[in-house]
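Colleague:
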Amino acid sequence: MKPCLLMLCLLALPCLARDADGDGVPDAKDACPDTPHWVVEANGCPPGKASPVVLYFDTDSARLRPEHHDQLAVFVGDGVAGRVRVVGHADSRGSLAHNQDLGGRRALAVSKALSERYGVDASQIQRQSLGETLPWRDNLTETGQTLNRRVELWIETGLRLTNGEQ
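In structure tokens:
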């Protein structure tokens, strides 16, 4: 009897996992942690919005690291269906203008690799720099700065919800 009770308690533990946004996906598995509690995919993101592939960069650098090529090869896989959005970011060190430019250079480096090395049609790629304006983490720590020096890769399928419009 006691082993059965123990097993039932252990099976119930996942039900107690924290879900801050109430979407039914535990925070530890939620790739889009701030979505309201409506229909989401298994990763916690709205339908059609997957979590991004993220490439991290060295301080004040737009040079691709060797591991970026492995990540890009997996990202491209057997081909890309839809538009690829490449968004460059920077930490807060440096001026606003410098960081905006740096984010743009990072996005350009990734875009060029996608088209020249991995065969993604350049017309499918949309580049954007957000510089230091949208940090993932606090820039007051080295860890936060490291996580903010990044490029995010998103695939946009073109599917969208409408109000009956065609």
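Reading the sequence shown from the start, the letters are residues -17 to -1, 1 to 149 in mature numbering (1 follows the signal peptide of the UniProt record, and there is no 0).
Cβ coordinates follow ideal geometry from the N, Cα and C atoms, glycine included.
(1) Could you tell me which residues DSSP puts in a beta bridge with G77?
(2) Determine whether the beta carbon atoms of I108 and V70 lie at a separation below 8 Å.
(3) Could you tell me the alpha carbon to alpha carbon distance between H72 and G62, rounded to whole angstroms?
(4) In angstroms with no decimal places, state the Cα-to-Cα distance between Y39 and T129.
(5) Rounding to the nearest angstrom, what Cα-Cα distance links D2 and S34 in this structure?
(6) Taking just the CA atoms, how far does C15 sit from D6?
(7) Assuming the contact rule is C-beta atoms closer than 8 Å, V59 and V103 should be a hit. Round their C-beta distance to whole Å, please.
(8) Leaving aside the five residues before and after S98 along the sequence, list all residues of the same chain whose C-beta is less than 6 Å from its C-beta, in chain order.
(9) Going by other Cβ atoms of all chains shown within 10 Å of its Cβ, with 16 needed for buried, is W117 buried or exposed?
(10) Near N82, which residues of its chain fall below 6 Å by C-beta distance, leaving aside the five closest residues on each side in sequence?
(11) If I measure Cβ to Cβ from N131 and keep anything under 8 Å in the same chain, skipping five residues before and after, which residues do I get?
(12) DSSP on N146, reduced to helix/strand/coil?
(13) Determine the contact status of V134 and R89, defining contact as a CB-CB distance below 8 Å.
(14) Got a sec, what are the start and stop residues for the alpha helix (DSSP H) G127 sits in?
Modeller: Taking the definition as stated:
(1) DSSP lists no partner for G77.
(2) For I108 and V70, no; Cβs fall outside 8 Å.
(3) 25 Å
(4) When rounded, the distance between both Cα atoms is 7 Å.
(5) 17 Å
(6) One C-alpha to the other measures close to 10 Å.
(7) 6 Å
(8) A105
(9) The residue you asked about is not Trp; residue 117 is Leu in the sequence shown. Exposed.
(10) A73, G114 and E115
(11) H72, A73, D74, S75, E115, P118, W119, R120 and N122
(12) Unreliable positioning characterises N146 in this predicted model, as indicated by a pLDDT of 40, which lies under 50. The coordinate reading is nonetheless provided below. Reduced to three states, the DSSP call for N146 is coil.
(13) yes
(14) Segment E125 to N131, the alpha helix (DSSP H) holding G127.
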